[in-house]
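Trainee: Going by this note's numbering, the sequence shown opens with residue 55, and the numbers climb by one from there.
Let me begin by handing over the structure; questions about it come next.
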Amino acid sequence: MNGVAVPLAGRSRLVLALTSVIGLLMLAWPLLLDVDPSAERVDPPFLFLALLPLILAVVAAEVSEGGMDARVLALLGVLSAVNAVLRVVSAGTAGLELVFFLLILGGRVFGAGFGFVLGCTSLFASALMTAGVGPWLPFQMLVAAWVGMGAGLLPRRVAGRAEIAMLVAYGVLSAYLYGLLMNLQGWPFIAGVQVPGQDSTELSYVPGAPVLENLHHFLVYTLLTSTGGWDTGRAIMNALAIALLGPAVLTTLRRAARKARITRGEVVTSGHVGEGPRH
55 MNGVAVPLAG
65 RSRLVLALTS
75 VIGLLMLAWP
85 LLLDVDPSAE
95 RVDPPFLFLA
105 LLPLILAVVA
115 AEVSEGGMDA
125 RVLALLGVLS
135 AVNAVLRVVS
145 AGTAGLELVF
155 FLLILGGRVF
165 GAGFGFVLGC
175 TSLFASALMT
185 AGVGPWLPFQ
195 MLVAAWVGMG
205 AGLLPRRVAG
215 RAEIAMLVAY
225 GVLSAYLYGL
235 LMNLQGWPFI
245 AGVQVPGQDS
255 TELSYVPGAP
265 VLENLHHFLV
275 YTLLTSTGGW
285 DTGRAIMNAL
295 AIALLGPAVL
305 TTLRRAARKA
315 RITRGEVVTS
325 GHVGEGPRH
């Protein structure tokens, strides 16, 4: 009953894994970049930043090539549009965003690959609608894609109230992880760079410092500026939306999935298996 509507092919799994590793390295650049300790300006690896949209496009093409037919692509477009509107309506004030609620449920029903692409397209569409296009957008797309992909990787045999409880817990966890990862890529620019000879702070990025020292500064910064506010608001909204609306939305999405279920070598449509022309 809870089978994946769009299973991933082996090549798509490999591309998704490689993209995730590259994306994680890009997000963690403040901890990995080797710079002069006396530097007053620290620039991220903009070459990687320019390549990220291309990488995401390749992943989307790979997943589509692995099994998305016209009906599944139509569903992807509809869910992306709905997510974009939900993000505009909720506006993200104090972290109260509805976009992740539908992203999690879509990934749960249609699988990890679909959830990954839905995260990319939803954040991109909402950015166009809200004039939110900027250097942060590729990172938002990537982290949201991970949220959708993670929902598709949750245990499939869980059903009923246990499934809703699992999705609520995942919604809370993913809300905090989203905030943590988004903070990481922009932390040096927001909290500042600590320069020798000036007043120090426990929040600033220290060029050339050991990874654990900078990680400590980053975690303190996140706890003070994000965890108790935006991230908690996002977690509460995810939990409430999934708990209250999740059962009905899951039923609707699974009904749509049964009409456009993709399996290797066959297409299941409205309960009939397409076996190709008979001779």
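All residues carry an ideal CB built from backbone N, CA and C; glycine is no exception.
What does the Cβ neighbour count give for leucine 62, buried or exposed, with the cut at 16 atoms within 10 Å?
Mentor: One-based indexing of the sequence shown puts residue 62 at position 8. Buried, by the Cβ-count rule.
Trainee: Taking DSSP's pairing of strands, which residues face alanine 224 in a bridge?
Mentor: Here the question's residue 224 lines up with position 170 in the sequence shown. Rather than alanine, the amino acid found at residue 224 in this sequence is tyrosine. Bridge partners of tyrosine 224: none, in fact.
Trainee: Hey, how far is the Cα of phenylalanine 168 from the Cα of glycine 161?
Mentor: Locating residue 168 in the sequence shown gives position 114, where the first residue counts as 1. Locating residue 161 in the sequence shown gives position 107, where the first residue counts as 1. Answer to the nearest angstrom: the Cα atoms are 6 Å apart.
Trainee: By the 10 Å Cβ neighbour count, where 16 or more other Cβ atoms means buried, how is valine 75 classified, buried or exposed?
Mentor: Looking up residue 75 in the sequence shown gives position 21. Label assigned to valine 75: exposed.
Trainee: Quick one: give me the first and last residue of the alpha helix (DSSP H) that glycine 77 is part of.
Mentor: By 1-based counting over the sequence shown, the position of residue 77 is 23. Run containing glycine 77: 64-81, per the alpha helix (DSSP H) assignment.
Trainee: Skipping 5 residues on each side, what residues in its chain have a beta carbon closer than 8 Å to that of leucine 130?
Mentor: On the sequence shown, residue 130 is found 76 positions in, with the first residue counted as 1. If we look at leucine 130 and ignore the five residues flanking it on each side, its Cβ neighbours are Met122, Phe168, Val171, Leu172 and Thr175.
Trainee: Beta-carbon within less than 6 Å of serine 180's beta-carbon, same chain only, minus the 5 sequence neighbours each way: which residues are those?
Mentor: Taking the sequence shown and counting its residues from 1, one reaches residue 180 at position 126. So the qualifying residues of the chain are Ala138 and Arg141.
Trainee: Taking the alpha-carbon positions, what's the alanine 216 to leucine 294 distance?
Mentor: As a first step, residue 216 must be located in the sequence shown, where it is residue number 162. As a first step, residue 294 must be located in the sequence shown, where it is residue number 240. C-alpha separation (whole angstroms): 16 Å.
Trainee: Output the distance between the C-alpha atoms of leucine 273 and leucine 266, rounded to the nearest integer angstrom.
Mentor: Along the sequence shown, one-based indexing puts residue 273 at 219. Along the sequence shown, one-based indexing puts residue 266 at 212. Distance between the alpha carbons of leucine 273 and leucine 266 is about 10 Å.
Trainee: Using 8 Å as the cut-off, can you tell me whether the stretch 287-306 makes contact with the stretch 219-235, which would need three or more C-beta pairs spanning the two stretches below that distance?
Mentor: With a cut-off of 8 Å, the stretch 219-235 and the stretch 287-306 count as touching, because enough Cβ pairs lie within range.
Trainee: Report buried or exposed for glycine 206, applying the criterion of at least 16 other Cβ atoms within 10 angstroms of its Cβ.
Mentor: As a working mapping, residue 206 is identified with position 152 in the sequence shown. With 16 or more Cβ atoms within 10 Å of its Cβ, glycine 206 is classed as buried.
Trainee: Just to confirm the assignment, what range does the alpha helix (DSSP H) spanning proline 301 have?
Mentor: Along the sequence shown, read from residue 1 onward, the residue named residue 301 stands at position 247. 286-312 is the span of the alpha helix (DSSP H), which, as asked, contains proline 301.
Trainee: Quick check on leucine 79: buried or exposed, where buried means 16 or more other Cβ atoms within 10 Å of its Cβ?
Mentor: Start at 1 with the first residue of the sequence shown, and residue 79 comes out as number 25. It counts as exposed.
Trainee: Assuming methionine 220 contacts valine 212 under a Cβ cut-off of 8 Å, what Cβ separation, rounded to an integer in Å, is found between them?
Mentor: Taking the first residue of the sequence shown as 1, we reach residue 220 at position 166. Taking the first residue of the sequence shown as 1, we reach residue 212 at position 158. 5 Å between Cβ atoms; contact.
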